[in-house]
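When we follow our numbering, the leftmost residue of the sequence shown carries the number 10, and every step to the right adds one. Glycine included, each C-beta is placed from N, C-alpha and C at the ideal position. Predicted model, so just to flag it, every value in this text is computed and none were measured. Notes follow the structure.
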Amino acid sequence: MKTVSRFIWLLAIASAAGCAKSSNTRLEPQVDPAPSPTVSPTPHPTLGPTPIPSPSPNPNASPNPVACDPTALKEFAGVSAFAGTSAKFEGMNLSHGAVAPSITLDFVDLGYGLGRDGGRYDVVGDTVDLRDVTVENGGVAYASSIKFHEGVDVFGLVKKTTVVDYATVKARAIALRAKLLARPANGTVAMVCNGGSPCRAVLKGTDPKVNRFTLTVAQMNQLKRNSKIAVDVPKHAAAVVVLQATSLAFDDIKVDSPAETVWIVAGAGGTFKLDSLTLTGTVLAPESSVEMDSALVMGRVISDAFTSASCSGDSVCATIDSQEMPDAICL
10 MKTVSRFIWL LAIASAAGCA KSSNTRLEPQ VDPAPSPTVS PTPHPTLGPT
60 PIPSPSPNPN ASPNPVACDP TALKEFAGVS AFAGTSAKFE GMNLSHGAVA
110 PSITLDFVDL GYGLGRDGGR YDVVGDTVDL RDVTVENGGV AYASSIKFHE
160 GVDVFGLVKK TTVVDYATVK ARAIALRAKL LARPANGTVA MVCNGGSPCR
210 AVLKGTDPKV NRFTLTVAQM NQLKRNSKIA VDVPKHAAAV VVLQATSLAF
260 DDIKVDSPAE TVWIVAGAGG TFKLDSLTLT GTVLAPESSV EMDSALVMGR
310 VISDAFTSAS CSGDSVCATI DSQEMPDAIC L
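See below:
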């Protein structure tokens with residue numbers, strides 16, 4: 010399926026939320042094409058992230074909840090995918106923004122979860138390459154060059170302008186990852202393996218703000234096809250899951266996690282592959298490559314480089330749907 014995206018930086022772009030859409034079968038745009046308006050770019054927004062509602066008291070909660078920062082991911086509010094160096098989105102759906110210095114989109118729909126705004130930039134890059142792309146509700150910003158091939162439909166402005174300082178944003182993502190890696194684990198991980206049945210990793214936390222877990226290489230090696238990862242934390246609390254590896258793959262694993270989950274790749278320079286699964290939360294891998302194939306991320310992906318497998322015919326396209334992400338996650 011192809012779907013849509015929108016990118017909102019606090020410095021230049023306003024955010025919006027939309028109704029839910031089916032996950033990852035091909036879907037044609039559901040709006041009538043409209044000519045590009047002559048709307049000026051949206052001025053600097055005045056609204057910051059919406060505070061997370063206070064959770065209900067939990068009688069089993071930690072007596073000394075950890076401190077956290079609700080603005081930790083503010084730069085990625087409204088972003089489906091950010092890559093610090095390069096991104097090739099091929100045969101994909103993105104409900105929100107696609108952002109990278111070097112960005113290629115081929116057979117992609119963006120922005121289905123967003124309201125129409127001709128002055129908002131839903132695709133942002135230094136060099137941009139577009140083929141068979143529908144940018145349904147926003148525009149495209151490029152700092153250096155842009156190439157149009159066949160089948161490109163952009164609702165809003167296409168403008169040569171600099172919107173993002175990629176190096177600064179990537180550095181902040183790396184710093185956030187380091188901060189969360191340094192945070193002591195305060196949640197438990199139990200591996201449940203019964204006979205020949207697929208193993209389950211049960212992650213349990215009680216802190217009302219931030220619960221940190223570590224999945225070791227040995228534990229992840231037990232997670233074969235049809236295995237399950239279950240993350241259980243108080244409502245609105247963050248779950249930080251550290252994947253203690255440099256390169257790893259989640260292939261046909263069942264994952265039950267809240268939208269406030271942050272999946273961290275501990276090592277740098279490797280690849281995190283997502284195949285044939287649904288993963289909810291934020292993938293924070295600013296020094297890793299992320300590859301998606303027939304996977305659905307209900308959240309966002311922050312990486313150094315990004316690629317997706319092409320899809321055609323009856324194959325299932327990769328999707329990043331950010332519509333259910335909270336306005337802020339306290340980390």
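Query, Result
"By Cβ distance, which residues of its chain are closer than 7 Å to residue 242, with the 5 residues on each side in sequence left out?", "214, 220, 248, 267"
"Considering only residues of the segment 285-318, which uninterrupted beta strand (DSSP E) runs meet the minimum length of 3 residues and lie entirely inside it, listed in chain order?", "287-302, 305-317"
"Is residue 258 near the ligand ATP, with its Cβ less than 7 Å from a heavy atom?", "For the structure depicted, the ligand ATP is absent and the ligand set is empty, with no information on it obtainable."
"Based on the DSSP secondary-structure assignment, which residues constitute the bridge partners of residue 220?", "248"
"Quick check on the DSSP output: the beta strand (DSSP E) that includes residue 140 runs from which residue to which?", "130-144"
"Measure the C-alpha to C-alpha separation of residue 298 and residue 177 and round it to an integer number of angstroms.", "18 Å"
"Could you check which residue in 141, 121, 171 has the C-alpha nearest to that of residue 108?", "171"
"For residue 276 and residue 254, which I take to be in contact (beta-carbon distance under 8 Å), what is that distance rounded to the nearest angstrom?", "6 Å"
"Going by DSSP, what residues sit across from residue 98 in a beta bridge?", "114"
"Taking 8 Å as the threshold (C-beta atoms), are residue 123 and residue 132 in contact?", "no"
"Mapping the DSSP letters down to three states, classify residue 329 as helix, strand or coil.", "strand"
"Could you give the DSSP three-state label for residue 239: helix, strand or coil?", "strand"
"Answer yes or no: do residue 252 and residue 274 have a C-beta to C-beta separation smaller than 8 Å?", "yes"
"Just how far apart, CA to CA, sit residue 151 and residue 83?", "22 Å"
"DSSP beta-bridge partners for residue 164?", "Residue 164 is not bridged to any residue."
"Leaving out five residues before and five after residue 4 in sequence, what residues of the same chain have Cβ atoms less than 7 Å from its Cβ?", "Any question about residue 4 goes unanswered here, given that the chain covers just 10 to 340."
"Please list, in chain order, all residues of the same chain as residue 96 whose beta carbon is under 6 Å from its beta carbon, the five residues on each side excluded.", "109, 112, 315"
"Going by C-alpha distance, which of 337, 90, 85 is nearest residue 218?", "337"
"Along the chain, where does the beta strand (DSSP E) that runs through residue 270 open and close?", "270-274"
"Does DSSP put residue 262 in a helix, a strand or coil?", "coil"
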